[in-house]
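First comes the structure, then the notes that go with it.
Next up, the structure:
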């Protein structure tokens, strides 16, 4: 135990995350999550962070004791921009001309209320957009804090949050109109997917150049029980471009985390077939949607780092913190201590999860995530 204590004193959160990505064993399993709860910011920092600025987001993660933080780029679709650019007290228009509304339930994102048509005008708008310095400024500010050894803690890893074509287009155009276009205008959809992929690929390359520890690609393709559109449609329209995107990022020296809500079991073999040119980690393994962690571990655990699977909908909202303990123990018994897992919920520390449960999860994840703790 003396040796283990010495290792804990020396190692940083960032080192734990990088060790996990190398599929090796650290002093314990890393702990990470996205904080989507203004109360947590208020309680820990004394103020909210409604625009997901990089330094406060990172500072919060350090003070909570997390091993990594996710900071999105400013052009992250539906991220609330600085309020001076809002069109009304509760609404804004993003750079792709999608109109959003903001309320307490949507924090820190907006909900699309005026979507773009699936047409040539939208295609040309995507093609004409360029990533600006101000877009990556939150990342740069977050990196400075994340990679520094400060009074708020040792260095932690920073994941740069971006999108890929499916989530970007389904938000910007609406899933109904996008789905109709798959049948009525397939050639146009292919062009929209390519243009979207090109844009977000360039964003990812800028973040890799900025030295983020991994790209956190929010590309939600699932819903409860199944993919949002058929696996065949994903294979026809979206997965080939996503594969090329990942390969470009990997060849540039980046690491890729695929974040997808919902059940995407049907396309995991497709994603796994990309091999070392594909993703490095899979998040969030949403248990509430039916993601089978045992099957994922058995089939893909040697290839990917698995991030998540503790039910944020029920378990994390429970009045009984023992439910969190049980879920963590059960998860760790499945994923093991072989260095291929990062402990997290299956969505985020969202609004509705009590503050005490957030703190309890982090504390107990570190406790049970230490090799030998469950013996």
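Residue numbers (our numbering): 27 to 401.
Here a beta-carbon is modelled for each residue, glycine too, at the ideal position from N, C-alpha and C.
Since the structure is predicted, the reported quantities are computational estimates derived from the model, not experimental observations.
inquiry  = Assuming residue 168 is part of the beta strand (DSSP E), what are its boundary residues?
reply    = Element bounds for residue 168: not the beta strand (DSSP E) but the alpha helix (DSSP H), 159-172.
task = Inspect the beta-carbon positions of residue 42 and residue 52 and report whether they are closer than 8 Å.
result = For residue 42 and residue 52, yes; Cβs fall inside 8 Å.
task = Determine, using beta carbons only, whether residue 281 and residue 303 come nearer to each other than 8 Å.
result = Taking 8 Å as the Cβ cut-off, residue 281 and residue 303 do not qualify as a contacting pair.
query = How is the alpha helix (DSSP H) around residue 82 delimited, first residue to last?
reply = Where residue 82 is concerned, the enclosing alpha helix (DSSP H) stretches over 80-90.
inquiry  = Which same chain residues end up closer than 7 Å to residue 123 when comparing Cβ atoms and leaving out the 5 residues on each side of it in sequence?
reply    = Excluding positions up to five away in sequence, the list reads 142, 151.
message = Taking a contact to mean a Cβ-Cβ separation below 8 Å, would you say residue 207 touches residue 214 in this structure?
response = Taking 8 Å as the cut-off, the Cβ atoms of residue 207 and residue 214 count as close.
key: Test item: CB-CB of residue 188 and residue 243 under 8 Å   = Yes, the Cβ-Cβ distance between residue 188 and residue 243 is below 8 Å.
query = Which residue spans inside the region 287-323 form an unbroken alpha helix (DSSP H) run of at least 4?
reply = Runs found: 294-298.
request  = Evaluate contact between the region 221-238 and the region 286-296, counting only Cβ atoms and requiring at least three cross-stretch pairs below 8 Å.
outcome  = Too few Cβ pairs lie closer than 8 Å, so no.
query = How about residue 317 and residue 387: are their beta carbons less than 8 Å apart?
reply = With respect to residue 387, residue 317 sits apart: the two C-beta atoms are not nearer than 8 Å.
ask   = With which residues is residue 264 paired in a DSSP beta bridge?
value = According to DSSP, which records beta bridges pairwise, residue 264 is partnered with nothing at all.
key: Member of 90, 371, 283 whose CA lies at the smallest distance from the CA of residue 245   = Of 90, 371, 283, the smallest CA-CA separation from residue 245 is found for 283.
Three-state class that DSSP yields for residue 332 in the structure shown = Residue state, collapsed to three classes: strand.
request  = Kindly confirm or deny that the region 153-163 and the region 55-63 touch, where touching means at least three C-beta pairs closer than 8 Å.
outcome  = No, because fewer than three Cβ pairs between the region 153-163 and the region 55-63 fall closer than 8 Å, the two stretches do not touch.
request  = Note down, one range per segment and in chain order, each beta strand (DSSP E) of at least 3 residues found wholly within the region 184-222.
outcome  = DSSP runs (the beta strand (DSSP E)) wholly in the region 184-222: none.
query = Between which two residues does the alpha helix (DSSP H) containing residue 388 stretch?
reply = Looking at the DSSP string, the run of the alpha helix (DSSP H) that includes residue 388 is 381-394.
Rounded straight-line distance, which links the Cα of residue 368 to that of residue 266 = Cα to Cα, the separation comes out at about 27 Å.
ask   = What span of residues does the beta strand (DSSP E) with residue 64 cover, start to end?
value = Where residue 64 is concerned, there is no enclosing beta strand (DSSP E), although the alpha helix (DSSP H) it sits in stretches over 64-71.
ask   = Taking the C-alpha atoms as reference points, what is the distance between residue 105 and residue 161?
value = Each residue's CA atom was taken as its position, placing residue 105 and residue 161 some 11 Å apart.
query = Can you check whether the CB of residue 351 is closer than 8 Å to the CB of residue 390?
reply = Yes; because the gap between Cβ atoms is below 8 Å, this pair is in contact.
inquiry  = Quick check on this structure: which residue in 175, 157, 132 has the alpha carbon closest to the alpha carbon of residue 85?
reply    = Residue 85 has its Cα closest to that of 175, out of 175, 157, 132.
ask   = Expressed to the nearest angstrom, what Euclidean distance is found between the alpha-carbon atoms of residue 133 and residue 363?
value = Each residue's alpha carbon lies about 35 Å from the other.
task = Excluding the 5 residues preceding and the 5 following residue 108 in the sequence, name in chain order all residues of the same chain whose CB lies nearer than 7 Å to its CB.
result = The answer, listed in chain order, is 77.
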